[in-house]
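Presented below is the structure to which this report refers.
Residue numbers (our numbering), protein chains in the order written: chain A, 1 to 1003; chain B, 1004 to 1116.
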């Protein structure tokens, strides 16, 4: 406030206001706040006593911080006569109002000095004033030399004057501001007192904010508003907690206007007036506060904080209105939020360029989404999304809502894209609503995509988008969002008439335990209804995994290996995931004939447990995580000093776990699964008809009889038009049904069959597919060299295929001249019939000449052949057997060993001749028995002498057995000795008998 | 709907983590603050050094839980989770079936209500 010579001041005013803010001042502040450099700007007004602030006036903006008295008096007489008095009056007025911030400026000019040469030296006036007014405060009086001249002296004087002015101004400002702040705090401390008014306090603190804003201290200004914001919020919260303040009542008035935030004015005076009068509603106060905060944040170039705060504000307002139980027309808040969102976005767009906006989508997308959601709510409310369009009730609501919007604000009247116009248009018709809604939601989704986030709001417009999100939910095992998204997809698919996909999704949903039973039943019914349609279009193939889960497969018998006539049972254990019992026309398992040697599959059935069960792993993605993490510890030592440099844990099978997730995705996504669902053509099937699958575990039995090795390939459940297909069975399951020809084998019971002794041979008949009927008999063609011995104790054993003894029955054996007929007991197929038969192979009478034709007649030579093997004489006996199951005879070869070996030699001693016969037992210890006879001739010696060596023998365990003696005949040529062979041979027999006894006993 | 919110908030966690990495500031701070405000819920996030994410969702109308309370809830949760992880019989990745963990979580829920 300038007093004194007004003409002088007017002359200086221009340069003063211009130059004052040119240089910054350091501003030191109380309460430890950091000093700042500020530029002071001042408004100078002429001093009037009535303008001095009265006691209690809190206005800070219009506060006179410094009083300056201007004078250019240089005449001490004039000074004494008038100026001094004027100054004194001025000072008195200041003192009266407690103002201590003043300055006396003495302007000196050379012009005046020249005119009055008789004057005192120029300092004297200043000195006089100093002594008169500034006791101890000499700096309160400054002189200014020739301010209107361009001399260096005048410039210097100007600059020191300005510095002084700034210092004083700042001093006063700091002091007054400090006082103001103190008073404000005091006022705030009184907030619990009954008469306290938030609105009054609001005005006081806002004054401070204005001052800071004026000083370009936007940060400090913002703090003031934030404090007010926090204070108000606290009140609302306290109110919610039951601690009500009576001033809050005015904020609880019903919401009558919902025209949204207004951010285009620096200060919204309308709302400010409402607050000042204490008539503001909650939304008014919040809107005003936010508009101020927004303005300051934009000054501070922090537009992204505006968007974040805006979202918080909008959410908060909705909550606060709820908390304060303010009555609101339904939809009004949606309007308010919608308009506010768009207003904020417009404001931000107004102060940022495109590239900035694009780089900061993540900050704006929340508002876009919120606006979209709110528009959707409004659409629902006003009947703009229903098929029939709005009814009269909806229209009434719309009219009410539009009324609350009031008239469009002058700032936006001319902009065609104003939020106000958008909302009005969107609510005007179904088409306009759809257009605006799609536009908004598309924009929001694009933004989400741009920042790599998944939108969470539920819009059913883009199926692909839903499928995308579905994929991500599946891979991350988010079951609830998955269910929800699937439901939306189902809705889409139904509307798009994509029946295949719809049914597949329905199946998934029907088996989804996240849904209520009713919902599941609904989706199940959808499938059943479709299935029962008698449409002619091709059948629909769906993945079985959503319908039932194959849990286990059990073979009976457990070996999964049966012969043809036996029944192989395959028991499938299916867990039906449907909520209701489902009757299937047929359930079939396709099987694949495998070209493999029977029996070779045994090794391949690794997955089949010994008890004949195959357990199928659950294919749901949830179980993919069942495979545990393979963690291992990693310790790294530094190579130089072997000190542990790092330690960690690594997951070894991460790639597997990751991959599992990926593959699980493809399993469960209907699109990809459908392509793989083709039934193999021409495959053989195991079938079960009219099966009812109850919810939960079911078991279905298949039987198979066709011979071969089979691999189970697919499973298919048929339900009218719908087929549920399990395209691959894993692990691989195989079973074998074999067919076997009857077989006869004859085996010796001991290691070697001995000729000359009765020997037992074992007949084994594997019946195979042949069943032995009553009257069936084996026909053995008799041979002279090997008769079949009858035995009264001959009986047959019947064994099952698993070698269990089933029965024992006597055999009847009948012999005729040519054949021996053995009647077989009745035996079922695939059983084993065993019996023992005693045979005796005669030792050929003269092994010494066994190759000679004289000793073998035609028939025998075919049937028996004598060989030598490692010193033993072997006799191969061939037996021809006629079996009842074949028209061909079976030839069985038996090899008999001759137990003895005989050698003879002719010995001479002078004229006497001796025959030595050596009989060697080949069975036991190679024992030899020697017999010697002397040859004597009573008459003329014959040309040749035919001798027969005969030895009786018996096995050691049956010494009384009457066996045909072993004979050996040989011929001596041109021997001239006489002998009585018959006598001698009798002596020999006794000797042999003894020795053979010994042999068998020892055996 | 609730799960959607949590799912989306994880994206915000990712954003925040990568943001922190850039700034290299406050790496010790595991609490991520308010992730995702909606009209009905407030979603808070917390991420451990091994990038295990915790998310707490609070009803917007619940005003008793301030930042500090949420912070201490997360700390408790983290401690309890660490105990679970220290259990040698626990297989990382399996659903947590610890009674102690359960009771800690339930007490927090009861307090919050």
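The C-beta atom is built at its ideal place from N, Cα and C for all residues, glycine as well.
In terms of alpha-carbon separation, which member of the options lies closest to residue i?
i	options	result
residue 928 of chain A	A:938, A:269, A:917	A:917
residue 164 of chain A	A:757, A:101, A:50	A:101
residue 361 of chain A	A:819, A:444, A:429	A:444
residue 274 of chain A	A:223, A:284, A:65, A:690	A:284
residue 206 of chain A	A:224, A:193, A:92	A:224
residue 212 of chain A	A:472, A:299, A:271	A:299
residue 50 of chain A	A:531, A:64, A:42	A:64
residue 1073 of chain B	B:1086, B:1083, B:1061	B:1061
residue 561 of chain A	A:390, A:446, A:733	A:733
residue 835 of chain A	A:795, A:780, A:750	A:795
residue 807 of chain A	A:828, A:814, A:840	A:828
residue 323 of chain A	B:1013, B:1065, B:1114	B:1065
residue 411 of chain A	A:707, A:268, A:879, A:841	A:268
residue 819 of chain A	A:797, A:883, A:69	A:883
residue 363 of chain A	A:586, A:70, A:448, A:97	A:448
residue 903 of chain A	A:168, A:920, A:891, A:894	A:920
residue 1096 of chain B	B:1084, B:1106, B:1107	B:1084
May I have the straight-line CA-CA distance separating residue i from residue j, to the nearest angstrom?
i	j	result
residue 965 of chain A	residue 881 of chain A	29 Å
residue 1016 of chain B	residue 242 of chain A	36 Å
residue 1080 of chain B	residue 1011 of chain B	21 Å
residue 226 of chain A	residue 233 of chain A	10 Å
residue 590 of chain A	residue 704 of chain A	12 Å
residue 173 of chain A	residue 47 of chain A	18 Å
residue 170 of chain A	residue 40 of chain A	8 Å
residue 338 of chain A	residue 401 of chain A	13 Å
residue 756 of chain A	residue 970 of chain A	20 Å
residue 737 of chain A	residue 556 of chain A	12 Å
residue 878 of chain A	residue 615 of chain A	53 Å
residue 208 of chain A	residue 153 of chain A	40 Å
residue 329 of chain A	residue 416 of chain A	28 Å
Quick check on residue i: does DSSP put it in helix, strand or coil?
i	result
residue 315 of chain A	helix
residue 1057 of chain B	strand
residue 957 of chain A	coil
residue 552 of chain A	strand
residue 125 of chain A	helix
residue 347 of chain A	helix
residue 45 of chain A	coil
residue 831 of chain A	coil
residue 716 of chain A	strand
residue 65 of chain A	coil
residue 323 of chain A	helix
residue 573 of chain A	strand
Below 8 Å on the Cβ atoms is my guess for residue i versus residue j; work out the distance and round it to an integer in Å.
i	j	result
residue 20 of chain A	residue 162 of chain A	6 Å
residue 720 of chain A	residue 479 of chain A	That belief does not hold up - the Cβ atoms of residue 720 of chain A and residue 479 of chain A are roughly 30 Å apart, past 8 Å.
residue 303 of chain A	residue 352 of chain A	6 Å
residue 710 of chain A	residue 592 of chain A	6 Å
residue 837 of chain A	residue 777 of chain A	With 8 Å as the limit, residue 837 of chain A and residue 777 of chain A do not qualify as a contact, their Cβ atoms being about 13 Å apart.
residue 693 of chain A	residue 613 of chain A	20 Å between Cβ atoms; not a contact.
residue 440 of chain A	residue 371 of chain A	6 Å
residue 1063 of chain B	residue 1044 of chain B	6 Å
residue 896 of chain A	residue 754 of chain A	6 Å
I want to verify the contact list: residues of chain E whose CB lies under 7 Å from the CB of residue i, in sequence order.
i	result
residue 1042 of chain B	Chain labels in this structure do not include chain E; the protein chains are A and B.
Worksheet item: Where are the alpha helix (DSSP H) runs, 4 residues long or more, that stay fully inside the stretch 402-486 of chain A, in chain order?
Response: 419-426, 430-450, 463-475
Worksheet item: Hey, which unbroken runs of the beta strand (DSSP E) at 3 residues or more fall wholly within the stretch 10-39 of chain A?
Response: 24-27, 36-39
Discussion item. Restricting to runs no shorter than 3 residues, where is the beta strand (DSSP E) found entirely within the stretch 154-191 of chain A?
Written reply: none
Worksheet item: If you scan the stretch 720-803 of chain A from start to end, which runs of the beta strand (DSSP E) of 3 or more residues do you find wholly inside it?
Response: 722-726, 734-738, 743-748, 758-766, 777-781, 795-799
Worksheet item: Where in the stretch 343-387 of chain A do unbroken runs of the beta strand (DSSP E), each at least 3 residues long, occur, reported from the N-terminal end onward?
Response: none
Discussion item. Report the start-end ranges of each beta strand (DSSP E) in the stretch 220-295 of chain A that is 3 residues or longer and not cut off at the edges.
Written reply: none
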